[in-house]
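Step one of this worksheet: look at the structure below.
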Amino acid sequence: MVNNHPLLVLLAALAVAVPACGDEPAAERPARPAEPAAKTPPEAPPRNDRWKPGGNHTTRPRGAVHDDEIGKDIVGVPRRRILEVFGPPLEQRGRCVYYRVVGWRRGWELCFARGVVDGASGNQRMPR
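Everything in the sequence shown is counted per the numbering used here, starting at 600 for the first residue and increasing by one.
Right, here's the structure in full:
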């Protein structure tokens with residue numbers, strides 16, 4: 600007795616029509632895509648040696664900034680200028696420093712690359 604179930608017939612037809620993996624000759628195989636080009640490091644942001652903070656505060660606690668002093672224009676400011684204006688950070692981890700915002704439990708994390716700020720994140724929890 601022969602089993603002529605439609606799915607068995609379909610599977611048998613596909614097995615005959617489709618070659619198994621690796622059955623095609625090497626000349627017919629598509630070429631592998633070229634290795635991706637090595638990533639070039641991103642350009643450093645333009646230096647901003649004359650940067651001044653947004654607010655006009657005469658005093659600040661050690662390791663703290665006021666909420667109106669940091670904005671988008673902080674990217675590209677040299678590390679030495681940040682330390683000159685804000686003083687030593689509350690904490691430093693790797694390439695990033697943390698300044699608490701006066702009157703808040705959170706603060707700013709500033710990260711440096713090639714001696715300038717390349718990233719700033721506000722509303723960050725205080726480091727422990």
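For glycine and all other residues, C-beta sits at the position ideal for the given N, C-alpha and C. If you're wondering where the values come from, they're calculated on a predicted model, not measured in any experiment.
Arg705 to Tyr698, Cα distance in whole Å?
Numbered from its first residue, the sequence shown carries residue 705 at position 106. Numbered from its first residue, the sequence shown carries residue 698 at position 99. Taking the straight line from one Cα to the other gives about 9 Å.
Looking only at its own chain, which residues have a Cβ that is under 6 Å from the Cβ of Val696, when we skip the five neighbours before and after it?
In the sequence shown, residue 696 corresponds to position 97, counting from 1. Excluding positions up to five away in sequence, the list reads Pro688, Leu709.
Tell me the residue span of the alpha helix (DSSP H) that contains Leu682.
By one-based count along the sequence shown, residue 682 stands at place 83. 678-685 is the extent of the alpha helix (DSSP H) around Leu682.
Mapping DSSP to helix, strand and coil, what is Asp666?
The sequence position of residue 666 within the sequence shown is 67, counting from 1. Of the three classes helix, strand and coil, the one that applies to Asp666 here is coil, per DSSP.
Taking Trp703 as part of the beta strand (DSSP E), name the residues at either end of that continuous run.
Against the sequence shown, residue 703 aligns to sequence position 104. Trp703 -> no beta strand (DSSP E), and no H or E assigned at all.
Please state whether the Cβ-Cβ distance between Pro677 and Gly714 is less than 8 Å.
On the sequence shown, position 78 is the one that residue 677 refers to. On the sequence shown, position 115 is the one that residue 714 refers to. Cβ distance < 8 Å, so Pro677 and Gly714 count as in contact.
Leaving aside the five residues before and after Arg694 along the sequence, list all residues of the same chain whose C-beta is less than 6 Å from its C-beta, in chain order.
As a position in the sequence shown, residue 694 is number 95, starting the count at 1. Correct list, in chain order: Cys710, Phe711.
Evaluate Glu668 with the Cβ neighbour count: other Cβ atoms within 10 Å of its Cβ, from every protein chain shown; 16 or more gives buried, anything less gives exposed.
Here the question's residue 668 lines up with position 69 in the sequence shown. Burial call: buried.
Assuming Gly721 is part of the beta strand (DSSP E), what are its boundary residues?
Indexing the sequence shown from 1 puts residue 721 at position 122. 715-724 is the extent of the beta strand (DSSP E) around Gly721.
In angstroms, rounded to a whole number, what distance separates the CA positions of Val700 and Thr657?
Working through the sequence shown from its first residue, we reach residue 700 at position 101. Working through the sequence shown from its first residue, we reach residue 657 at position 58. So the alpha carbons of these two residues sit roughly 15 Å apart.
Anyone know if the C-beta pair for Ile681 and Ala719 falls short of 8 Å?
By 1-based counting over the sequence shown, the position of residue 681 is 82. By 1-based counting over the sequence shown, the position of residue 719 is 120. For Ile681 and Ala719, no; Cβs fall outside 8 Å.
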